[in-house]
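Novice:
Protein chains: 2
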Amino acid sequence: MDQPSPKLDSRPLYAQVRELLLARIQMGDWGPGAALPNEFDLAREMGVSQGTVRKALDGLTQDHILVRRQGRGTFVVEQTPANELFRFFNLYDNKSGAQILPDSRDARVTSGKARALEFARLQLEKGAQVVRIERLRTHDGLPFIAETIVLPDLLFPGLAAMKYVPNTLYDLFQKSYGVMVARTDERLEAVGATKRDANALNIAEGAPLLRVDRVTYSIDGRPVEWRLSLCHLDGAHYRAPPG
Amino acid sequence: MDQPSPKLDSRPLYAQVRELLLARIQMGDWGPGAALPNEFDLAREMGVSQGTVRKALDGLTQDHILVRRQGRGTFVVEQTPANELFRFFNLYDNKSGAQILPDSRDARVTSGKARALEFARLQLEKGAQVVRIERLRTHDGLPFIAETIVLPDLLFPGLAAMKYVPNTLYDLFQKSYGVMVARTDERLEAVGATKRDANALNIAEGAPLLRVDRVTYSIDGRPVEWRLSLCHLDGAHYRAPPG
DNA sequence: CAGTGGTCTAGACCACGTG
DNA sequence: ACGTGGTCTAGACCACTGC
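As you go down the protein sequences, you meet chains V and G in turn. Okay, so the first sequence: first residue is 473 according to the numbering used here, each after it adds one. Okay, so the second sequence: first residue is 473 according to the numbering used here, each after it adds one.
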């Protein structure tokens, strides 16, 4: 009679609280930038102590899902171009050390059935529909990155018909599609420019390029984007985030 | 009369406890792998509550300075080739996804006055003495990385005279020199192989290489190593740690 | 079994931001 | 002045480890 749930959940209470909160965020109970109830109200509502709620909130904060501000409250992280740059863009100027945010130019949006590498990276059914964005990114007016972005059509309906692609995408994902980005998995290699790359970036064929192969995952763990960037790092470098 | 210290420290108690513990670790009170006293003893000894000690210990655990094992105790992290690989070696096989630990071959150890880039990276006085290690690293018997390591002579006396350089260095730093590695700062670029690189790695001149420029810092924040790796990633990739 | 870290609670007080 | 998160305490009980 005392068992609150048919399935005995042996995980720590704070982990269960965390999951409950995460589910409510995904369901849109609290939108981007919204304030959550304070710790005591959440604790009372869930029948646990305030310290347990705090531990759950701290965990979600560490995973960049919430932000806490002393004296103000706890808020759902709002994706903006600024913090998107800060978290997901690891290119820096060699001299100044400043982070680089390239411009976007000549974006081409197409769609079609997922090819082998695409459905592997995005964990899709074979032949699922995807949207592809190809664009050139510039820095100080010079060609900098040739970028290909692949998205599952199911998650982003109507995106294929967009006329203009914004420079930063994750704020669009969150606000227009309710997809909240949590983490990325980046794999780097050095490659020589193919004839096609050389043309796009206005460099010599065979010139060394940094190839960044990135899969982005949402807070529920599903892959939501595959991005291939060929970077002509002239006076810039990629800085690995601290482990 | 009630003020325990002449200088009023306004930081949180747990931060002060953390600093005290860190100082004792650096002084060698507890060596690599040694167990700390339990939480209650530490709390009594420092005149704070057990929860406060716990918060300090948790912080040091997150920074990989301590490890906690339920039922056993809290221990100073012991650097071993295995966990050194796990934390600081970000090269993976494309097919298997397994982490790669290359061999070390033909190490040449020299010493001399620090050059411009060296004392900049290691924050040394102009003209300070450094030890340089140059070696070729192989994977599956094939040339893989041409590596140059530069160390401040002051921190590692006698290292310049070593006949054999072990494959992994950080365990040596900790056990023989009391230098505990805390974090790295890695900058990546794609470059074309120079004639010299091509020779060392047995590849064509101009072939694309991943250049990893890494500075390693000890737990007291001082730079202790500068490492330049030119990687011929044949069927492998660099995987960025999660931000 | 004894000893350790891990979880959970309840309550007090502090520091910060806003009105 | 008020409400928020941040710190700190004291104590109970659980889960794991090793003897």
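Built from N, CA and C at the ideal position, the CB exists for glycine as well.
What is the rounded straight-line gap between the Cα of M652 (chain V) and the Cα of R541 (chain G)?
Specialist: About 34 Å.
Novice: Mind checking which residues open and close the beta strand (DSSP E) that includes Q601 (chain V)?
Specialist: Start and end: 601-611.
Novice: Relative to the alpha-carbon of L532 (chain V), which residue among V:A515, V:L494, V:N562 has its alpha-carbon at the smallest distance?
Specialist: Per the Cα distances, V:L494.
Novice: Residue ranges of each alpha helix (DSSP H) run of no fewer than 4 residues wholly in the segment 546-574 of chain G, ordered along the chain?
Specialist: Runs of the alpha helix (DSSP H) inside the segment 546-574 of chain G: 553-560.
Novice: Verify whether the separation of the beta carbon atoms of L563 (chain V) and A672 (chain V) is less than 8 Å.
Specialist: Cβ atoms of L563 (chain V) and A672 (chain V): not closer than 8 Å.
Novice: Restricting to Cα atoms, I'd like to know which of G:T610, G:L594, G:R609 is closest to V603 (chain G).
Specialist: V603 (chain G) has its Cα closest to that of G:L594, out of G:T610, G:L594, G:R609.
Novice: Buried or exposed for L626 (chain G), please, with buried defined as at least 16 other CB atoms from any protein chain shown within 10 angstroms of its CB.
Specialist: Exposed is the call here.
Novice: With H, G and I counted as helix, E and B as strand and the rest as coil, what does DSSP make of V525 (chain V)?
Specialist: Helix.
Novice: Which chain V residues are close to Y689 (chain G), counting only those with a beta carbon under 7 Å from its beta carbon?
Specialist: What Y689 (chain G) touches in chain V: nothing, since even the nearest Cβ is about 10 Å away.
Novice: Report the rounded CA-to-CA distance for L514 (chain V) versus P714 (chain V), giving the unit in angstroms.
Specialist: Those two C-alpha atoms are separated by around 33 Å.
Novice: Counting only the same chain and skipping the five closest in sequence on each side, list residues whose C-beta sits under 8 Å from that of H536 (chain G).
Specialist: Within the same chain, H536 (chain G) has close Cβ partners V549, R559, A654.
Novice: Closest to K527 (chain G) by C-alpha separation, out of G:E491, G:G678, G:R544, G:Q551, would be which residue?
Specialist: When only C-alpha atoms are compared, the closest one is G:E491.
Novice: Is it buried or exposed, T666 (chain G), if we count other Cβ atoms within 10 angstroms and call 16 or more buried?
Specialist: Classification of T666 (chain G): exposed, given that the 10 Å Cβ count is below 16.
Novice: Kindly list, in the order they appear in chain G, the residues whose Cβ is closer than 8 Å to that of V663 (chain V).
Specialist: Chain G residues near V663 (chain V): A662, P680.
Novice: Helix or strand or just coil, what does DSSP make of T620 (chain V)?
Specialist: It is a strand residue.
Novice: Indicate the three-state DSSP secondary structure (helix, strand or coil) for A486 (chain G) in the structure shown.
Specialist: For the sequence presented, residue 486 (chain G) should be read as Tyr rather than Ala. Correct three-state label for Y486 (chain G): helix.
Novice: What does a CB cutoff of less than 6 Å around G599 (chain V) pick up in its chain, not counting 5 residues either side in sequence?
Specialist: K585.
Novice: Go ahead and pull the three-state DSSP assignment for A507 (chain V).
Specialist: A507 (chain V) falls in the strand class under three-state DSSP.
Novice: Can you find the residues in the same chain that come closer than 6 Å, C-beta to C-beta, to S701 (chain V), ignoring five residues on each side of it along the sequence?
Specialist: So the list reads I617, E619, V684, once near-sequence residues are dropped.
Novice: What are the residues of the segment 520-531 of chain G that lie near chain V, defined by any Cβ-Cβ distance shorter than 7 Å?
Specialist: Listed in sequence order: no entries.
Novice: Can you tell me whether DSSP reads G531 (chain V) as helix, strand or coil?
Specialist: The answer is helix: DSSP assigns G531 (chain V) an H, G or I state.
Novice: With 8 Å as the threshold, decide whether the Cβ of A712 (chain V) is near any Cβ in chain G.
Specialist: True, the Cβ-Cβ gap to chain G drops below 8 Å.
Novice: Within 8 Å of any Cβ in chain G, is that where the Cβ of P478 (chain V) sits?
Specialist: Low confidence applies to P478 (chain V): its pLDDT is 38, below 50, so where it sits in the model is not reliable enough to give any reading.
Novice: Per DSSP, what kind of secondary structure is E677 (chain G) in: helix, strand or coil?
Specialist: Coil at E677 (chain G), not helix or strand.
Novice: Mind checking who Q582 (chain V) pairs with in its DSSP beta bridge?
Specialist: Looking at the sequence shown, residue 582 (chain V) is not Gln but Thr. DSSP, once it has assigned bridges, lists V:R604 as partnering T582 (chain V).
Novice: Taking only beta-carbon atoms, is R655 (chain G) less than 8 Å away from chain V?
Specialist: Cβ-Cβ to chain V under 8 Å: yes for R655 (chain G).
Novice: Secondary structure at F657 (chain G), three-state DSSP: helix, strand or coil?
Specialist: The question names Phe, yet the displayed sequence has Asp at residue 657 (chain G). Reduced to three states, the DSSP call for D657 (chain G) is strand.
Novice: Would you check if the distance between the CB atom of D692 (chain V) and the CB atom of T552 (chain V) is smaller than 8 Å?
Specialist: Cβ distance not < 8 Å, so D692 (chain V) and T552 (chain V) don't count as in contact.
Novice: Are the CB atoms of V663 (chain V) and P680 (chain G) nearer to each other than 8 Å?
Specialist: Yes, the Cβ-Cβ distance between V663 (chain V) and P680 (chain G) is below 8 Å.
Novice: Keeping to the same chain, check which residues put their C-beta closer than 7 Å to that of S690 (chain G); ignore five residues upstream and five downstream.
Specialist: If we look at S690 (chain G) and ignore the five residues flanking it on each side, its Cβ neighbours are V651, M652, V653, A654, V696.
Novice: Within 10 angstroms of its Cβ, does Y636 (chain V) collect 16 or more other Cβ (buried), or is it exposed?
Specialist: Exposed, since its Cβ has fewer than 16 Cβ neighbours within 10 Å.
Novice: Under 8 Å, do S576 (chain G) and N639 (chain G) count as touching if we go by C-beta distance?
Specialist: Going by C-beta atoms, S576 (chain G) is nearer than 8 Å to N639 (chain G).
Novice: Kindly indicate which three-state DSSP category D685 (chain V) falls into: helix, strand or coil?
Specialist: Reduced to three states, the DSSP call for D685 (chain V) is strand.
Novice: Pick helix, strand or coil for Y642 (chain G), following the three-state DSSP scheme.
Specialist: Helix at Y642 (chain G).
Novice: Is the Cβ of G715 (chain G) closer than 8 Å to any Cβ of chain V?
Specialist: Chain V, which has a Cβ nearer than 8 Å to the Cβ of G715 (chain G), makes this yes.
Novice: In angstroms, rounded to a whole number, what distance separates the CA positions of L773 (chain V) and K647 (chain V)?
Specialist: Outside the shown range of chain V (473 to 715) lies residue 773 (chain V), about which nothing can therefore be said.
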